[in-house]
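In the working numbering, the protein residues as written are 7 to 310. For each residue, glycine too, the CB sits at the ideal point set by N, CA and C. Predicted, not measured: the structure shown is a model, and the values here were computed from it.
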């Protein structure tokens with residue numbers, strides 16, 4: 007039992023770190039404009055296809071070294087996916103910025119459906135896959151069982167936390183980060199003080215898309231398969247992680263992702279894999295009942 011528990015804990019930590027990366031996109035957009043980008047899951051899905059295309063192109067040109075493959079794939083996928091994020095903001099959000107709150111939501115759902123069908127038409131409805139790029143594992147004996155930590159999972163964990171650390175540095179210590187924080191606190195006042203809030207909002211969509219691209223590459227490495235519908239399920243999971251941790255909080259997004267991933271993995275391995283989603287969303291309901299702002303969210307203040 008100890009071996010199974012620890013193995014599921016490792017699996018959950020790996021999955022949760024990727025959930026957290028995608029949740030960052032939801033929480034950053036909500037923190038700046040107070041709206042949910044429901045096309046964000048499809049941005050992740052597009053990044054999975056881009057990762058496979060990049061790997062195929064690099065292999066075609068004879069590049070077989072894992073570091074070079076990963077570096078080239080990450081750069082290509084992040085850059086192109088960031089462009090998708092920028093286009094989504096320009097098409098679905100900027101023209102409706104002064105409209106009702108419902109209009110951008112409907113527009114984002116429309117973009118989500120467009121991206122799904124675009125991927126289905128361009129790449130086909132069948133599942134796509136990539137080969138295992140990093141084989142091998144460490145195996146540790148635990149009681150009567152063992153825990154296996156693959157090199158792929160180690161790479162995923164390192165890449166996810168490096169990405170989160172880099173983003174935290176940007177938000178806390180750079181000029182762009184200060185502009186983002188000022189816009190989040192009071193967009194009108196930030197504009198009066200000379201900050202181009204429209205540009206900041208575009209940057210936030212680009213950053214969120216870049217984090218989703220990193221997650222797309224890592225999940226593609228871990229599972230090896232994806233399809234045009236992959237963004238819907240994982241998008242809902244990442245949104246759940248963002249709400250669980252506290253929508254609008256970057257540390258909350260990562261914490262919510264890790265809690266959700268570990269909960270899913272433990273319930274799947276120790277109880278029943280068929281009902282892991284039920285357990286995850288039940289956990290979310292409990293958190294929202296007793297702490298509506300999420301684990302690290304700001305306390306809700308009623309206006310009289």
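Problem set entry | Rounded C-alpha distance that separates residue 174 from residue 220 | As a first step, residue 174 must be located in the chain shown, where it is residue number 168. As a first step, residue 220 must be located in the chain shown, where it is residue number 214. Distance between the alpha carbons of residue 174 and residue 220: 15 Å.
Exercise. With 16 as the cutoff for other CB atoms within 10 Å, does residue 94 come out buried or exposed?
Worked result: Locating residue 94 in the chain shown gives position 88, where the first residue counts as 1. When all chains shown are included, residue 94 counts as buried.
For this session: Apply the 10 Å Cβ neighbour rule to residue 226 and answer buried if 16 or more other Cβ atoms are within range, or exposed otherwise.
Result: In the chain shown, counting from the first residue as 1, residue 226 sits at position 220. Result: buried.
Exercise. Among residues of its own chain, excluding the 5 on either side of residue 285, which ones have a beta-carbon nearer than 7 Å to its beta-carbon?
Worked result: Position 279 of the chain shown, counting from 1, holds the residue named residue 285. The answer, listed in chain order, is 269, 273.
Problem set entry | Endpoints, the beta strand (DSSP E) within which residue 156 is located | For the purposes of this step, residue 156 is identified with residue 150 of the chain shown, where counting begins at 1. That run of the beta strand (DSSP E) goes 151–156.
Problem set entry | Cβ-Cβ distance between residue 48 and residue 121 below 9 Å | Walking along the chain shown from the start, residue 48 turns up at place 42. Walking along the chain shown from the start, residue 121 turns up at place 115. In this structure, residue 48 places its C-beta atom within 9 Å of the C-beta atom of residue 121.
Problem set entry | Cβ-based burial, residue 296 [other Cβ within 10 Å; buried from 16] | Along the chain shown, one-based indexing puts residue 296 at 290. Flag for residue 296 reads exposed.
For this session: Report the residue ranges of all beta strand (DSSP E) runs contained in full by the segment 218–242; include only those spanning at least 3 residues, in chain order.
Result: Unbroken beta strand (DSSP E) runs of no fewer than 3 residues, entirely contained in the segment 218–242, are not found.
Problem set entry | Cβ neighbours of residue 233 in the same chain (closer than 6 Å, five flanking residues each side left out) | Taking the chain shown and counting its residues from 1, one reaches residue 233 at position 227. Correct list, in chain order: 133.
Exercise. Among 195, 275, 163, which has the Cα closest to the Cα of residue 26?
Worked result: Here residue 26 refers to the residue found at position 20 of the chain shown. The residue with the shortest Cα to Cα distance from residue 26 is 163.
For this session: Can you give me the Cβ contacts of residue 12 inside the same chain, cut-off strictly under 8 Å, excluding the 5 residues immediately before and after it?
Result: By one-based count along the chain shown, residue 12 stands at place 6. If you ignore the 5 residues before and after residue 12, its C-beta comes within less than 8 Å of the C-beta of 148, 153, all in its own chain and listed in chain order.
Exercise. Any idea what DSSP makes of residue 147, helix, strand or coil?
Worked result: If you number the chain shown from 1, residue 147 lands on position 141. Residue 147: strand per DSSP, three-state reduction.
For this session: Per DSSP, which residues does residue 135 bridge with? Please list them.
Result: By one-based count along the chain shown, residue 135 stands at place 129. Residue 135 has 231 as its beta-bridge partners, per DSSP.
Exercise. Of the choices 130, 131, 159, whose alpha-carbon is the least far from that of residue 141?
Worked result: Here the question's residue 141 lines up with position 135 in the chain shown. For residue 141, the nearest C-alpha among the options comes from 159.
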